[in-house]
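Residue numbers 13 to 266, in this note's numbering, belong to the letters of the sequence shown in order.
Structure first, commentary second.
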Amino acid sequence: YRKQWVGITGAPQTMTLAVDAPFLDSKLGIGLTITNDKIGVSTETQFMSSYAYKISMGQGILSLGLGAGLMTTNTAWSDLVVLDPGDDYYLVDSRVFVVPDFTFGTYYSNQNFFVGVSIPRLLGYNFNFNRNKYSLIIDPGKYDYMLNMGHLINLAAKVKLLPSVLVSWTPGTQILYDVNAHLNIADRMWLGATYRNDRSVAGLFQFSVNEQLKIAYTYDYDIGKLGRYSDGSHEVMLRYQFTFRADAVNPMIF
């Protein structure tokens, strides 16, 4: 669960439930993710199934992933305070729209390194007020392209450092990036810090209750103008793994 910009009315809130499992001797992975976003008077819910095929490559594993699902969206126009209360657009709420969506990504990891490239949304939509419907747009020039990579460094017997970077780019816009540093203590606790070039910083704490249960908390704070009006953003995460493998090849273990 993530609540952004605490103190600002209508600020974004996100709830996510994700389930995944390996099949065919871990060569195939399938998953289901349900995400609910609420921003102001708009609500968007996404149901996404995902499929990943894993290929052994050297000392690591290459995963090729594809997601397919549906997205529902609706807007409570009648909740807005408008200058012209007689405007027909704001007298009634929009109906619930259901549109398909697809994602794509590839990911490589070994014991100390990982890199991933993804396109979170392959289909785009524009809303036509006059026709009260969405029109489909397939334009690679409007995709969000994401790159994530990191390297695990052994500092001591039970202390590891994981520096990483997340880059997001949409053609014609500014490149956004996160620079992260996470400290792993005895494979039991993570402490992390993040700097984003959109002028925000974040701190992370994660604790492994046991080999299967993990809890985490993240606090974000805007160091730009938004920070004057917001008390920051809070995010909590709960993860439970029904079974685990001690020899899993993935340095991004938090």
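All C-beta atoms in this analysis are idealised placements derived from N, C-alpha and C, irrespective of residue type, glycine included.
Computed from a predicted structure; not experimentally measured.
{"query": "To which residues of the same chain is residue 266 closer than 6 Å at the C-beta, ignoring the five residues directly before and after it?", "result": "Confidence at residue 266 is low in this model, with a pLDDT of 48, below 50, so its placement is unreliable and no value can be given for it."}
{"query": "Please work out which residues of its chain come closer than 6 Å, Cβ to Cβ, to residue 66, disregarding the five sequence neighbours upstream and downstream, and give them in chain order.", "result": "39, 73, 75"}
{"query": "When the Cα atoms are used, what is the spatial distance from residue 169 to residue 123?", "result": "16 Å"}
{"query": "When you compare each of 228, 237, 241 to residue 251 by their alpha carbons, which one comes out closest?", "result": "228"}
{"query": "Tell me which same chain residues have a C-beta within less than 6 Å of the C-beta of residue 29, skipping the five on either side of it?", "result": "46"}
{"query": "Using a threshold of 9 Å, state whether the C-beta atoms of residue 205 and residue 173 are closer than that.", "result": "no"}
{"query": "Using 10 angstroms around the beta-carbon of residue 243, count the other beta-carbons present and answer buried if the total reaches 16, otherwise exposed.", "result": "exposed"}
{"query": "Taking the alpha-carbon positions, what's the residue 197 to residue 70 distance?", "result": "28 Å"}
{"query": "DSSP beta-bridge partners for residue 112?", "result": "82"}
{"query": "Please state whether the Cβ-Cβ distance between residue 180 and residue 158 is less than 9 Å.", "result": "yes"}
{"query": "According to DSSP, is residue 152 helix, strand or coil?", "result": "helix"}
{"query": "Nearest by alpha-carbon distance to residue 211: which of 221, 110, 189, 222 is it?", "result": "189"}
{"query": "Just verifying my parser: in three-state terms, what is the DSSP assignment at residue 32?", "result": "strand"}
{"query": "Please name the residue, chosen from 42, 43, 55, that lies closest to residue 24 on a Cα-to-Cα basis.", "result": "55"}
{"query": "Where does residue 181 fall in DSSP's three states?", "result": "strand"}
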